[in-house]
Each structure stands twice: as structure tokens, then as C-alpha cells.
Amino acid sequence: MHPALIIGIALVLGGCAVQTPVVDSLDARLSQALGQPLSSYANALGDAAVVAADGALTRHGWRNADLIKPCEVELWADTGGVIRKVAWTGYDRSCRALLERLP
């Protein structure tokens, strides 16, 4: 295989993992949610698509549909309504709408 083709493919695939302002902001804003009341995030994001018990915590999940990959934001809260764990999946375009609604 031609070396330039291999380098081109590597650059294209490597670009998929690049951090973007939306991805960086979502990481930072959700990290700041730890220890905060769930109510302010639930009010900002609207009704959770998923509310399920997960051990001693309750998982609340929001989803923004996208043709390529949806954005999913999950917040786990204790019985006092304090956020103890956060997670998200998605990419720049699919997560922009949820990011803009975060407090």
C-alpha cells in the first residue's frame, strides 16, 4: 500500500478523536455538577428519558437524537438529590443542544 495513503487514512481516523470546544465544555460543566443538587440540572435539561435505580444511586438520563450518534447525558444522584456520578457519550453536533441547556 502506498505510504501517503496510509498516512492519509491515519490522519482522517485520528481526527475523529480530536477534542472540540463542545466536548471540552461538556466535560468541564459535567465535572462541575458533582456535589451539586440534581434539581437545577433536571430543571434545565427537562424531563429525563430514563430514571432508574442503580445500587444506592438513581440514574437520570437525557438523550438528544442525531443521525450519526446521539448524545446521552447521565447523572447519578443519591437519596438527598445530590449528583455523585456523571457520564456522557456523543460528539460535537449531537451534544451541542444539551450543553446549551446546562446550568
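Read left to right, the sequence shown gives residues 0 to 102 (numbering that gives the first Met the number 0).
Think of the CB as a built atom: it goes at the ideal place given N, C-alpha and C, for glycine as much as any other residue.
The distance from the Cβ of Leu97 to that of Asn42 is about 14 Å, inconsistent with a contact at the 8 Å cut-off.
Here Ala32 really is in contact with Val85; their C-beta atoms are around 6 Å apart, less than 8 Å.
The DSSP assignment places complete alpha helix (DSSP H) segments of no fewer than 4 residues inside the region 21–100 at 37–44 and 91–100, in order along the chain.
Under the criterion of beta carbons closer than 8 Å, Pro69 and Ser93 qualify as touching, at roughly 6 Å. Each of Gly89, Pro36 and Val50 was checked against the Cα of Arg83, and the nearest Cα belongs to Pro36. Counting only the Cα atoms, Thr19 lies some 31 Å from Gly80. Put simply, the backbone Cα of Gly89 is about 28 Å away from that of Thr78. Counting other Cβ atoms within 10 Å of its Cβ, Val50 stays below 16 and is therefore classed as exposed. If you draw a straight line from the Cα of Arg58 to the Cα of Val72, it is about 10 Å long.
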